[in-house]
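My numbering puts the first residue of the sequence shown at 1110, with every later residue one more than the last.
Even glycine gets a Cβ: it sits at the ideal position worked out from N, Cα and C.
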Amino acid sequence: MSRKNSLNNIFECENEYSIQYVKASGDCLFDCIVEAYRSVGKSLLDCSNLFHLPGDSEVQAMRRTISDSVTLEDFENFKQFYEAGLPDFNFMKRCRDLQSLKDRLLVTGRGAGAGQCVWANEYEIGVLCRKLEITCLIVDMQARDLLSRFISIGPDGDGSNYMILQRTRREHYNLIKYLEKGLMSKDELPDEVKVKWNLSD
């Protein structure tokens, strides 16, 4: 479903933007990426850098790519973050070694429930941005002031594609489309987006 509300005070030409709300399943970031690609007639399973096995859904393929990318150093970092009490890393309570972390990252929200899977945060988004050569432009509704609301993850280069995401106060992601497109080249981005996210020309 695509709606135009909740964009007040974010974009000047708000009628050119719409929010595609996705289900809060624990896979919301992944679902946004799937919908962004579908909006331009593409399938993630056609991306050569995405690691997937026969029968994988697009969401499972993204989770498998992240699982395959995680290293022992990442495991140690996550463990330290968990021990420091960072709530985004509570999933590490069940991860005793690197393999158990890799297995945990494979679990989809659709398959096990939102509370039983790892939600995508900066690490997971960063892996997907590198593999898919995309940049996620995030409107962070949790930010206290307007200037810190615009976050960019991924490469800002000529070969990159861009998608705009809304992160709600409940750490849920929705896709923001511009002129009904969820995935855009830099040339297709409106000037106000380039300014808000300080994208180079």
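| request: Could you check what DSSP says for S1226 in three-state terms: helix, strand or coil? | output: Here residue 1226 refers to the residue found at position 117 of the sequence shown. Strictly speaking, residue 1226 in this sequence is Cys, with Ser absent from that position. In the structure shown, C1226 sits in coil (DSSP, three-state: anything other than H, G, I, E or B).
Cross-strand partners of R1276 (DSSP beta bridge): For this step, residue 1276 is matched to residue 167 along the sequence shown. According to DSSP, which records beta bridges pairwise, R1276 is partnered with D1249 and Y1282.
query = How big is the Cα-Cα spacing for M1293 and L1116?
reply = The sequence position of residue 1293 within the sequence shown is 184, counting from 1. The sequence position of residue 1116 within the sequence shown is 7, counting from 1. Each residue's Cα considered, the two are about 19 Å apart.
Worksheet item: Who are the near neighbours of Q1275 in its chain, counting only those whose CB is closer than 8 Å to its CB and skipping five residues on each side?
Response: Position 166 of the sequence shown, counting from 1, holds the residue named residue 1275. The beta carbon of Q1275 is closer than 8 Å to those of S1115, I1128, I1247, V1248, M1250, Y1282, N1283, L1284 and I1285 in its chain, skipping five residues each way along the sequence.
query = Can you pull the DSSP bridge partners for T1174?
reply = Taking the first residue of the sequence shown as 1, we reach residue 1174 at position 65. Partner(s): none; T1174 has no beta bridge.
| query | Straight-line CA distance for T1217 to L1162? | reply | As a first step, residue 1217 must be located in the sequence shown, where it is residue number 108. As a first step, residue 1162 must be located in the sequence shown, where it is residue number 53. Across the structure, T1217 and L1162 are spaced so that their CA atoms are roughly 15 Å apart.
Q) Secondary structure at N1118, three-state DSSP: helix, strand or coil? A) For the purposes of this step, residue 1118 is taken as residue 9 along the sequence shown, with counting starting at 1. Note: N1118 maps to coil in three-state DSSP.
Next on the checklist: With H, G and I counted as helix, E and B as strand and the rest as coil, what does DSSP make of E1301?
Outcome noted: Locating residue 1301 in the sequence shown gives position 192, where the first residue counts as 1. Residue state, collapsed to three classes: helix.
Between the beta-carbon of T1244 and the beta-carbon of S1257, is there less than 8 Å?
Reading the sequence shown from its first residue, position 135 is the one you call residue 1244. Reading the sequence shown from its first residue, position 148 is the one you call residue 1257. Taking 8 Å as the Cβ cut-off, T1244 and S1257 do not qualify as a contacting pair.
Problem - For F1190, the three-state DSSP class (helix, strand or coil) - result: To locate residue 1190, count along the sequence shown from 1; it is residue 81. DSSP places F1190 in helix when its eight states are reduced to three.
Pull up the DSSP beta-bridge partners for T1244, would you. Residue 1244 sits at position 135 when you count from the first residue of the sequence shown. Partner(s): Y1271.
(request) Tell me, to the nearest whole angstrom, how far the beta carbon of Y1271 is from that of K1295; I am working on the premise that it is less than 8 Å. (result) The sequence position of residue 1271 within the sequence shown is 162, counting from 1. The sequence position of residue 1295 within the sequence shown is 186, counting from 1. Indeed, because the Cβ distance is near 7 Å, the residues count as touching under 8 Å.
* Looking at the structure shown, is M1110 part of a helix, part of a strand, or coil, going by DSSP? -> Taking the first residue of the sequence shown as 1, we reach residue 1110 at position 1. Its pLDDT being 43, under 50, M1110 is placed unreliably in this model, and the value from its coordinates should be taken loosely. Assigned with DSSP and collapsed to three states, M1110 falls in coil, not helix or strand.
- Can you list, in chain order, the residues of its chain whose CB lies under 7 Å from that of A1223, leaving out five sequence neighbours each side? Counting from 1 along the sequence shown, the entry for residue 1223 is found at position 114. Closer than 7 Å at the Cβ level, and outside the excluded window around A1223, lie A1133, S1134 and G1135.
Exercise. Check the C-beta distance from S1148 over to E1289 and give it rounded, since I have them as a contact under 8 Å.
Key: The count along the sequence shown starts at 1 and reaches residue 1148 at position 39. The count along the sequence shown starts at 1 and reaches residue 1289 at position 180. Between the beta-carbon of S1148 and that of E1289 there is about 7 Å, and that keeps the pair under the 8 Å contact cut.
Reference A1145, options W1306, D1265 and Y1130, closest by Cα: On the sequence shown, residue 1145 is found 36 positions in, with the first residue counted as 1. Nearest option by C-alpha distance: Y1130.
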